[in-house]
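Start counting the sequence shown at 1234; every next residue gets the next number (the numbering used here). In this text, a Cβ means the ideal position worked out from N, Cα and C, and glycines have one as well. Computed from a prediction, not measured in an experiment: that's the story for all the values here. Below you'll find the structure, written out as structure tokens, and then a few comments.
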Amino acid sequence: MARERVIAAIDIGTTKICTLVGGLGREGETEIIGVGVAPARGLKKGIVVDIDATVESVQTSIEKAERTSGFKIVSAYAGISGEHIGSQNNRGVIAINHPDRVITLDDSTRVIESARAIPLPSNRELIHIIPRSYVIDGQDGVKNPIGMHGFRLEVETHLVSGATTSIQNLTKCINRAGVDVDDLVLQPLASAEAVLTEEEREMGVLLADIGGGTTDIALFVDGAVWHTSCLPVGGWHLTNDIAVTLRTSFQVAEELKARYAQAQPRLVPASDVIDIPAFGDEGKRQESRRQLCEIVEARVDDIMQRIIADVKRSGYDGLLPAGIVLTGGTSNLIGIDAFAREAYRMPVRVGRPRGLRGLTDTVSDPAYATSVGLLLWGLRASELDAKATQSTKRKSSGSDLARRLFGWAREMLPS
């Protein structure tokens, strides 16, 4: 693997921080050569609340990845999430003024620039501008307008924005850890890169990445993202419910969740009991395992109802023949896919990162979908930047826009 083909990705989550180092192998496969995982400190629901603690956690993760890979990390792609994230769809329109009326790459860039002209408060900024499809002289469903003839070009885009302060705080933490940020990527879009198939994207699918502090949602139709959102609930809330109800420590509750929890209590024998260390001098006591599962079931039902409500608000709930793909650490919960299948009455599967080589023992778990997806996003973006540099010399502003248009560039840039 050539050194220039190696990149890094940093997934800063509520409960863990994962740094990956990888690149493309000789046969074009993604190879993981470095992994660094550290407990997350200083974050709440995906947002930095203590910069010093977050920087320390990020540094620990980076140092571990550097030791396992043998590479010095100087820049990385980073994921972003949290309640401050907002999204909307918008349309851009331009006229084609060339005498031959042939649409060029510059025209595609111009029309997307027109779509990004939306009023944003001074405390918010755009993170992504992702084209969904193009319309040429009334002909819709165009995936790649470059080289086609037309008088009028329109584009449907999905715009993702975030709070400027949250973006700056996250970037500052990574910079203080000694690493530059190549780009910020919305976490559910990154997870989709790792776990969704092209067929699912085309048919219509909902990705729900249930992490520690948030549940990140991305809805795909006709191969493009139509809706994204971040819900302020995740696996941390399951653990907290167990700790509060069973009067035990958070660490013990986390262990109980991992070992004994099941999203369908009726499948657990009523006679099953578990030992629970309690606070103070009370020592261990026995509780019904089914009671533990009922606590978990109530929170899982809450998460599923929030997802359903969010998708219904988007207006695209009837466009999901491929069903739902659950990923993130909480998707490891036994029976959660069956619970969701009954709740939604549609196909449901647990998505795991796939098609990887190298250090895959850890990152093949759904908990690392975002980490792997960030690496895949970065590898494709860097490859497209290289192709764009070879094919045309663009202005710095155009290059910056291209980095923001990964979903578009993957389909549109000439090979």
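Original post:
What is the DSSP secondary structure of residue 1278, reduced to helix, strand or coil?
Top reply: Sequence index remark: in the sequence shown, residue 1278 carries index 45 (1-based). In the structure shown, residue 1278 sits in coil (DSSP, three-state: anything other than H, G, I, E or B).
Original post:
Can you tell me whether DSSP reads residue 1522 as helix, strand or coil?
Top reply: The residue you call residue 1522 lines up with position 289 of the sequence shown. Three-state DSSP puts residue 1522 in a helix.
Original post:
So which of 1504, 1519, 1500 has the shortest CA-CA distance to residue 1569?
Top reply: As a working mapping, residue 1569 is identified with position 336 in the sequence shown. The shortest C-alpha separation from residue 1569 is found at 1500.
Original post:
For the 8 Å Cβ check, are there 3 or more pairs between the segment 1332-1343 and the segment 1438-1456?
Top reply: no
Original post:
So what does DSSP say about residue 1512, is it helix, strand or coil?
Top reply: For the purposes of this step, residue 1512 is taken as the residue at position 279 of the sequence shown. It is coil, neither helix nor strand.
**OP:** Measure the C-alpha to C-alpha separation of residue 1413 and residue 1422 and round it to an integer number of angstroms.
**Re:** On the sequence shown, residue 1413 is found 180 positions in, with the first residue counted as 1. On the sequence shown, residue 1422 is found 189 positions in, with the first residue counted as 1. Between residue 1413 and residue 1422, the C-alpha separation is close to 21 Å.
Subject >> Touch test, the segment 1284-1293 against the segment 1259-1276, Cβ-Cβ under 8 Å, three pairs minimum >> reply: yes
**OP:** Have a look at residue 1636 and residue 1614 and give me their C-alpha separation to the nearest angstrom.
**Re:** Looking up residue 1636 in the sequence shown gives position 403. Looking up residue 1614 in the sequence shown gives position 381. Because the pLDDT at residue 1636 is just 48, under 50, the model does not fix this residue reliably, and the value given afterwards should be weighed accordingly. Going from the Cα of residue 1636 to the Cα of residue 1614 covers about 7 Å.
Original post:
What's the gap between the Cα of residue 1379 and the Cα of residue 1429?
Top reply: The residue you call residue 1379 lines up with position 146 of the sequence shown. The residue you call residue 1429 lines up with position 196 of the sequence shown. Their backbone Cα atoms lie some 27 Å apart in a straight line.
Original post:
How would you label residue 1331, buried or exposed, when you count the other beta carbons within 10 angstroms and need 16 or more for buried?
Top reply: In the sequence shown, counting from the first residue as 1, residue 1331 sits at position 98. Classification of residue 1331: exposed, given that the 10 Å Cβ count is below 16.
**OP:** Closer than 8 Å by C-beta to residue 1480: which residues in its own chain qualify, once you throw out the five before and the five after it? Chain order, please.
**Re:** Residue mapping note: residue 1480 aligns to position 247 of the sequence shown, counting from 1. Excluding residues within five positions, the ones whose Cβ falls inside 8 Å are 1511, 1512.
Subject >> Rounded C-alpha distance that separates residue 1375 from residue 1406 >> reply: Translated into the one-based positions of the sequence shown, residue 1375 becomes position 142. Translated into the one-based positions of the sequence shown, residue 1406 becomes position 173. For residue 1375 and residue 1406, the distance between alpha carbons rounds to 41 Å.
**OP:** Check whether the Cβ atoms of residue 1395 and residue 1317 sit closer than 8 Å, and answer yes or no.
**Re:** Position 162 of the sequence shown, counted from the first residue, corresponds to residue 1395. Position 84 of the sequence shown, counted from the first residue, corresponds to residue 1317. Contact: yes.
Subject >> Residue closest to residue 1562, alpha-carbon to alpha-carbon, out of 1239, 1240, 1246 >> reply: Taking the sequence shown and counting its residues from 1, one reaches residue 1562 at position 329. It is 1246.
Original post:
Using DSSP with H/G/I as helix, E/B as strand and the rest coil, what is residue 1407?
Top reply: Taking the first residue of the sequence shown as 1, we reach residue 1407 at position 174. The answer is helix: DSSP assigns residue 1407 an H, G or I state.
Subject >> Sub-8 Å separation of residue 1309 and residue 1242 beta-carbons >> reply: Indexing the sequence shown from 1 puts residue 1309 at position 76. Indexing the sequence shown from 1 puts residue 1242 at position 9. Their beta carbons are under 8 Å apart, which means residue 1309 touches residue 1242 by this criterion.
Original post:
If you run the structure through DSSP and keep just helix, strand and coil, what is residue 1421?
Top reply: Taking the sequence shown and counting its residues from 1, the one referred to as residue 1421 is at position 188. The answer is helix: DSSP assigns residue 1421 an H, G or I state.
Original post:
Which of helix, strand or coil does DSSP assign to residue 1382?
Top reply: As a first step, residue 1382 must be located in the sequence shown, where it is residue number 149. In the structure shown, residue 1382 sits in a strand (DSSP, three-state: E or B).
**OP:** Taking residue 1587 as the reference, give the member of 1552, 1518, 1427 with the closest Cα.
**Re:** Position 354 of the sequence shown, counted from the start, is the residue given in the question as residue 1587. Distance check between residue 1587 and each of 1552, 1518, 1427 places 1427 closest, using alpha-carbon atoms only.
Original post:
So does the segment 1578-1597 actually touch the segment 1543-1560, counting three or more Cβ pairs closer than 8 Å?
Top reply: Taking one beta carbon from each stretch, the segment 1578-1597 and the segment 1543-1560 have 3 or more pairs nearer than 8 Å; the two touch.
Original post:
Where residue 1266 and residue 1590 are concerned, what is the direct C-alpha to C-alpha distance, given to the nearest angstrom?
Top reply: Walking along the sequence shown from the start, residue 1266 turns up at place 33. Walking along the sequence shown from the start, residue 1590 turns up at place 357. Each residue's Cα considered, the two are about 9 Å apart.
Subject >> Run of the beta strand (DSSP E) containing residue 1268, from where it starts to where it stops >> reply: Here residue 1268 refers to the residue found at position 35 when the sequence shown is read from its first residue. Its beta strand (DSSP E) spans residues 1263-1272.
**OP:** Within its chain, find whatever has a CB closer than 8 Å to the CB of residue 1356; leave out the 5 residues flanking it on each side and keep chain order.
**Re:** The count along the sequence shown starts at 1 and reaches residue 1356 at position 123. Answer for residue 1356: 1396, 1397, 1398, listed in chain order.
**OP:** Enumerate in chain order the residues of its own chain whose CB-to-CB distance from residue 1325 is below 8 Å, with the five nearest sequence positions on each side excluded.
**Re:** As a working note, residue 1325 is residue 92 in the sequence shown. Result list for residue 1325: 1344, 1345, 1346, 1347, 1348, 1349, 1350, 1387, 1388, 1390, in chain order.
Subject >> From 1305, 1383, 1352, 1370, residue whose alpha carbon lies closest to that of residue 1337 >> reply: Within the sequence shown, numbered from 1, the residue matching residue 1337 stands at position 104. Residue 1383 is the option with its Cα nearest to residue 1337.
**OP:** Verify whether the separation of the beta carbon atoms of residue 1477 and residue 1535 is less than 8 Å.
**Re:** Within the sequence shown, numbered from 1, the residue matching residue 1477 stands at position 244. Within the sequence shown, numbered from 1, the residue matching residue 1535 stands at position 302. In this structure, residue 1535 does not lie closer than 8 Å to residue 1477 by Cβ.
Original post:
In three-state DSSP terms, what is residue 1543?
Top reply: Translated into the one-based positions of the sequence shown, residue 1543 becomes position 310. Residue state, collapsed to three classes: helix.
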